[in-house]
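The opening residue of the sequence shown carries number 803 in this note's numbering; numbering runs sequentially from there. We put the beta carbon where it would ideally sit given N, CA and C, even for glycine.
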Amino acid sequence: MRKPSARDLPGLCARYNVKLSPHTTWNVGGVSEILFAPFTKADLTAVMKWIGDCGMDFYVLGGGSNVLITDEVLETPVVLTTGMTGISVRRENGVVFLDCAAGTPLKEVLSLCVKNGWSGLEFAAGIPGTVGGAIAGNAGAANWFIGSAVESVTSVERGGAVVKWSAGEITWGYRKCSLFGDGGRVAQSVSFMLRESERGKVARSVKEAMESRKTQPAASRTAGCVFRNPPLDSAGRLLDAAGCKGMKMGGAKVSEAHANFIENVGECTAHDILSLALTCKKMVRDAFGTSLCFEIKTIGIGDA
Ligand SMILES: Cc1cc2nc3c(=O)[nH]c(=O)nc-3n(C[C@H](O)[C@H](O)[C@H](O)COP(=O)(O)OP(=O)(O)OC[C@H]3O[C@@H](n4cnc5c(N)ncnc54)[C@H](O)[C@@H]3O)c2cc1C
């Protein structure tokens, strides 16, 4: 790997020694030696070209609402997408297409849908983070997944090539999108395909979706569900039945409200969260023989 030279870094959006904890909903994470914070498509292309030219690996960070980042210094560059925001609207024969920059908060997309009575994303109400993060993890709730509303995804590949993927070229699974996962590309923008509906109807569905979240510790610092649900079961139910609720390690605590959430209850580190999560995983395996898998993504932590 060629050592980065300050001279040929895509200068405007490069930052050095940036604390990552403020960029995550858990409020944990160490320092990034080089963080790129692109604002425009051209910025992102330049960053990905530089990364490709250097033969470097990279991490992508959106809203940080589904990641556990190491407490250590992170040498691998981080591409933070939250500066790349914006939504444009196209209408064709009663179909509404929303072209959203990857760093746009999902909440903003939802607000626009409610305001205009556009239907298709109501289930996503209450899911924090960005459009890009939601696509990368095929975010979902109550058997609905965001991939079902996607018309196309535009990505930037390592090396800087911009590629538009139509819905037919993408495979969606439980918290999985075939385009992402091996770390070779970044979502630049996403086009959603929605239906014209009635404002009141969309608003009611959004309200219902929010109400179904009342069992979650929304006011605490968490990263959503830590573990994926095993087939035909619920990770939260298993964790609760194994006696994990309320367990604490350092500043990390298994939520009393929902056993699949770990809360930062003060002075929490990634190490605390990881130790607690692995202990809970073992308790479930010992009690029921079920091996839970992480839903959260780890950055700089290795095979957890
Ligand atoms: C209170 C709470 C409730 C939640 N409820 C739900 C829920 O109901 N359903 C659900 O699915 N999730 C839920 N989550 C988890 C999380 O909000 C979602 O997974 C969200 O979509 C992650 O988006 P993000 O921008 O924060 O992604 P990040 O956490 O920043 O990143 C998550 C992953 O996506 C990748 N990524 C991010 N942006 C891009 C991009 N532009 N291109 C390529 N890869 C990218 C990252 O590299 C990482 O691997 C919840 C979280 C919280 C805190």
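Assuming residue i contacts residue j under a Cβ cut-off of 8 Å, what Cβ separation, rounded to an integer in Å, is found between them?
i        : j        : result
Gly-1102 : Leu-876  : 5 Å
Ser-993  : Leu-900  : 7 Å
Val-897  : Met-995  : 6 Å
Ala-1037 : Leu-1094 : 6 Å
Gly-961  : Gly-854  : 3 Å
For residue i, which of the options has the nearest alpha-carbon?
i        : options                                : result
Cys-915  : Gly-888, Val-1004, Gly-942             : Val-1004
Leu-908  : Thr-872, Arg-892, Ile-948              : Ile-948
His-1073 : Gly-864, Glu-874, Leu-863, Ser-1007    : Glu-874
Ala-816  : Asp-1035, Glu-1069, Ala-848            : Ala-848
Ala-1043 : Thr-878, Asn-1062, Arg-960, Leu-912    : Asn-1062
Gly-866  : Gly-961, Gly-905, Ala-963              : Gly-905
Ile-836  : Asn-829, Trp-852, Thr-1017             : Trp-852
Glu-926  : Ala-936, Phe-841, Val-898              : Strictly speaking, residue 926 in this sequence is Ala, with Glu absent from that position. For Ala-926, the nearest C-alpha among the options comes from Ala-936.
Gly-1002 : Gly-1091, Met-1012, Gly-919            : Gly-919
Pro-827  : Val-1067, Lys-1084, Phe-1096           : For the sequence presented, residue 827 should be read as Thr rather than Pro. Taking only the C-alpha atoms, the option nearest Thr-827 is Val-1067.
Lys-917  : Ile-972, Arg-987, Ser-999, Glu-959     : Ser-999
Ile-929  : Ile-1075, Ser-1036, Leu-1076, Arg-1015 : Arg-1015
Gly-975  : Gly-961, Glu-959, Asn-945, Arg-987     : Asn-945
Arg-987  : Ala-941, Glu-959, Arg-977, Ala-1037    : Glu-959
Lys-1055 : Pro-1033, Leu-1034, Leu-1078, Arg-1039 : Leu-1078
Ser-921  : Ala-941, Asn-940, Ser-950              : Ser-950
Leu-1034 : Leu-1080, Thr-1092, Met-1012, Arg-1023 : Thr-1092
Asn-829  : Arg-893, Leu-846, Arg-1023             : Arg-1023
Leu-846  : Thr-887, Ser-1007, Thr-973             : Thr-887
Asn-940  : Arg-997, Glu-894, Arg-893, Arg-1030    : Arg-1030
Pro-824  : Thr-1071, Ser-1007, Glu-1013           : Thr-1071
Arg-893  : Gly-970, Arg-997, Ser-968              : Arg-997
The beta strand (DSSP E) that contains residue i, what's its start and end?
i        : result
Lys-1099 : 1099-1101
Asn-819  : 816-821
Thr-956  : 952-959
Ser-993  : 987-998
Leu-1034 : Counting along the chain, Leu-1034 falls outside any beta strand (DSSP E), and DSSP gives it neither H nor E.
Cys-1027 : Neither: Cys-1027 is in no beta strand (DSSP E) and is coded neither H nor E.
Phe-838  : 833-838
So the alpha helix (DSSP H) residue i belongs to, where does it begin and stop?
i        : result
Trp-852  : 843-856
Asp-1074 : 1072-1090
Glu-1013 : 1001-1013
Leu-914  : 908-918
Ile-937  : 933-938
Tell me which same chain residues have a C-beta within less than 8 Å of the C-beta of residue i, skipping the five on either side of it?
i        : result
Met-803  : Interpretation of Met-803 is limited by its pLDDT of 47, a score under 50 that renders its predicted location unreliable; the figure taken from the coordinates is listed afterwards. Excluding sequence neighbours, Met-803 sits near Cys-856, Gly-857, Met-858.
Tyr-861  : Leu-876, Thr-878, Pro-879, Val-880, Val-881, Gly-985, Ile-1101, Gly-1102
Glu-1069 : Gly-1052, Gly-1053
Asn-819  : Val-833, Ser-834, Glu-835
Ile-889  : Leu-900, Asp-901, Cys-902, Ala-903, Thr-906, Glu-910, Val-911, Leu-914
Ala-1011 : Glu-924, Phe-925, Ala-926, Ala-927, Gly-928, Ala-943, Ala-944
Looking only at its own chain, which residues have a Cβ that is under 6 Å from the Cβ of residue i, when we skip the five neighbours before and after it?
i        : result
Leu-822  : Gly-831, Ser-834, Ile-871
Ser-1057 : Pro-1019, Phe-1063, Glu-1065
Cys-1082 : Leu-1041, Cys-1046
Ile-1098 : Asn-868, Leu-870, Ala-1025, Val-1028
Gly-864  : Thr-883, Gly-931, Thr-932, Gly-934, Gly-935
Ala-943  : Phe-925
Val-964  : Val-958
Ala-1089 : Ala-1044
Thr-973  : Ser-980
Val-1008 : Val-916, Glu-924, Ala-927
Here's a check: name, in chain order, each residue in its chain whose Cβ is nearer than 7 Å to the Cβ of residue i, leaving out the five neighbours to either side.
i        : result
Asp-933  : First, the residue type needs correcting, since residue 933 is Val and not Asp in the sequence shown. Closer than 7 Å at the Cβ level, and outside the excluded window around Val-933, lie Cys-902, Ala-904, Thr-906, Leu-908, Val-911, Val-992.
Ala-938  : Cys-979, Phe-982, Ala-989
Thr-1017 : Ala-1059, His-1060
Ala-839  : Cys-815, Arg-817, Leu-882, Gly-885
Arg-966  : First, the amino acid is wrong: residue 966 is Lys here, not Arg. Excluding residues within five positions, the ones whose Cβ falls inside 7 Å are Ser-954, Thr-956.
Lys-843  : Gln-990
Val-1086 : Leu-1040, Leu-1041, Ala-1044, Thr-1092, Leu-1094
Phe-841  : Cys-815, Gly-885, Met-886
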